[in-house]
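Under the UniProt record's numbering, the first residue of the sequence shown is numbered 1, with each subsequent residue one higher. The beta-carbon is built from N, C-alpha and C at its ideal position, and this holds for glycine as well. Notes follow the structure.
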Amino acid sequence: MFKPLLLATGFAVTQLFSIAAQAKTELTYYGQAGYKIVTPQGHVIMIDPWLTNPKNPQGEAQLKALKKVDLILLTHGHFDHIGDTVAIAKQTGAKLVTNFDLGKVMVEKLDFPKDQFGFPTTGNIGGQIPLLNGDIQVGFTQAIHSSSVGVPLADGTETYYGGTVTGLHIQIKDGPSFYHTGDTDVFQDMALINLFGPVDVMLAAIGDTFTMGPKRAAHAVKLVQPRKMVIPNHFGTFPLLRGTPEQFAGFLKQEGVTTPMQVMQPGQSLTLE
Numbered sequence: 001m002f003k004p005l006l007l008a009t010g011f012a013v014t015q016l017f018s019i020a021a022q023a024k025t026e027l028t029y030y031g032q033a034g035y036k037i038v039t040p041q042g043h044v045i046m047i048d049p050w051l052t053n054p055k056n057p058q059g060e061a062q063l064k065a066l067k068k069v070d071l072i073l074l075t076h077g078h079f080d081h082i083g084d085t086v087a088i089a090k091q092t093g094a095k096l097v098t099n100f101d102l103g104k105v106m107v108e109k110l111d112f113p114k115d116q117f118g119f120p121t122t123g124n125i126g127g128q129i130p131l132l133n134g135d136i137q138v139g140f141t142q143a144i145h146s147s148s149v150g151v152p153l154a155d156g157t158e159t160y161y162g163g164t165v166t167g168l169h170i171q172i173k174d175g176p177s178f179y180h181t182g183d184t185d186v187f188q189d190m191a192l193i194n195l196f197g198p199v200d201v202m203l204a205a206i207g208d209t210f211t212m213g214p215k216r217a218a219h220a221v222k223l224v225q226p227r228k229m230v231i232p233n234h235f236g237t238f239p240l241l242r243g244t245p246e247q248f249a250g251f252l253k254q255e256g257v258t259t260p261m262q263v264m265q266p267g268q269s270l271t272l273e
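Next up, the structure:
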């Protein structure tokens with residue numbers, strides 16, 4: 001009487017495990033603070049996408065090759081984070097996810113398509129918004145930095161207020177969670193970022209001069225306690241960004257951090273199960 005039910009249940013469980021085993025998230029690094037995330041559902045998310053930075057020789061080709069991008073997430077308004085946002089948006093129809101002030105100046109001064117930014121993709125520190133039918137949740141975290149948008153003019157550059165500086169907590173359905181620090185110093189409330197949800201992968205600025213350097217970044221990792229790995233960024237693009245992954249690794253050890261560090265090169269991709 002119960003045998004067919006058991007067989008059917010067993011089959012269903014087997015199918016569920018098979019589907020779970022196939023759920024993979026791909027992370028690609030472009031240099032500086034720029035990343036692409038491809039979710040298990042096939043959504044494509046860009047973060048601070050400066051593909052054409054000096055450390056990425058394939059940047060122009062990678063930019064032209066982008067056919068599908070659903071969302072562009074920006075932490076703040078500086079040129080090395082806005083990067084190729086407008087070009088990607090016009091090329092793919094991607095919507096902009098950032099704070100209201102930065103989004104408005106992008107539309108009004110940098111010709112970002114106005115129908116690709118609005119309140120459904122707008123947030124601010126402490127807020128969390130569901131996107132892409134709930135397949136991702138984006139939380140806006142504190143960051144200690146500045147933000148401005150430079151608009152090229154014939155006789156120079158005009159500068160506009162770039163809104164609140166943030167980091168980003170990104171939870172992927174059936175995938176890992178990410179914390180992108182943005183440009184920031186370490187701050188004690190990094191210990192509260194896990195209130196958005198545990199962090200699996202931390203994308204941490206280490207370059208010094210304009211952000212925390214390797215020592216302070218290592219303490220930031222200790223506060224956040226990512227479960228899977230920490231990936232350093234925002235180093236080496238310019239001479240002033242002096243922090244190195246080797247220094248970072250040494251300070252992680254001093255802090256007693258056991259989370260593995262993974263150094264990515266521009267253009268490199270990782271598959272995260």
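Can you check whether the CB of residue j is closer than 7 Å to the CB of residue i?
i    : j    : result
V107 : F117 : yes
T259 : V230 : yes
V149 : V105 : yes
A220 : M264 : no
G213 : Q58  : no
F251 : A218 : yes
Q32  : T237 : yes
P226 : V257 : no
P232 : V201 : no
K222 : E255 : yes
Which residue from the options puts its Cα closest to that of residue i?
i           : options                   : result
G207        : P239, V97, L195 and S148  : P239
T209        : P176, V199, H145 and P40  : H145
H234        : A23, T25, E26 and Y30     : Y30
L153        : K109, K215 and A204       : K109
residue 275 : V151, F178 and K173       : Outside the displayed range of the chain (1 to 273) lies residue 275, so it cannot be described from this structure.
A61         : Q41, L73, P40 and D84     : D84
I37         : I170, K253, V199 and M261 : I170
G162        : F140, T98, G93 and Q142   : T98
G93         : H81, I82, M202 and L66    : L66
P49         : Y35, Q41, K55 and N56     : Y35
L51         : I82, T25, V201 and K215   : I82
Roughly how far, in whole angstroms, is the beta-carbon of residue i from the beta-carbon of residue j, given that I think they are within contact range, below 8 Å?
i    : j    : result
H78  : L102 : So it is not a contact: roughly 10 Å between Cβ atoms.
L272 : L71  : So it is not a contact: roughly 18 Å between Cβ atoms.
T39  : I136 : 7 Å
F112 : A89  : 6 Å
What residue does the beta strand (DSSP E) around residue i start on, and which one ends it?
i    : result
E246 : No beta strand (DSSP E) contains E246, which is instead part of the alpha helix (DSSP H) from P245 to Q254.
E26  : T25 to G31
I170 : T166 to I172
F112 : No beta strand (DSSP E) contains F112, which DSSP labels as neither H nor E.
Hey, could you find the ends of the alpha helix (DSSP H) residue i is sitting in?
i    : result
V221 : P214 to V224
L88  : Rather than Leu, the amino acid found at residue 88 in this sequence is Ile. Element bounds for I88: T85 to T92.
Q62  : G59 to A65
V105 : F100 to K109
Exercise. Okay, do the region 111-128 and the region 29-48 touch, 3+ Cβ pairs below 8 Å being the bar?
Worked result: no
Problem set entry | At least three beta-carbon pairs within less than 8 Å, the region 187-203 to the region 243-254 | no
Exercise. When the Cβ atoms of the region 160-170 are set against those of the region 119-126, are three or more pairs found closer than 8 Å?
Worked result: yes
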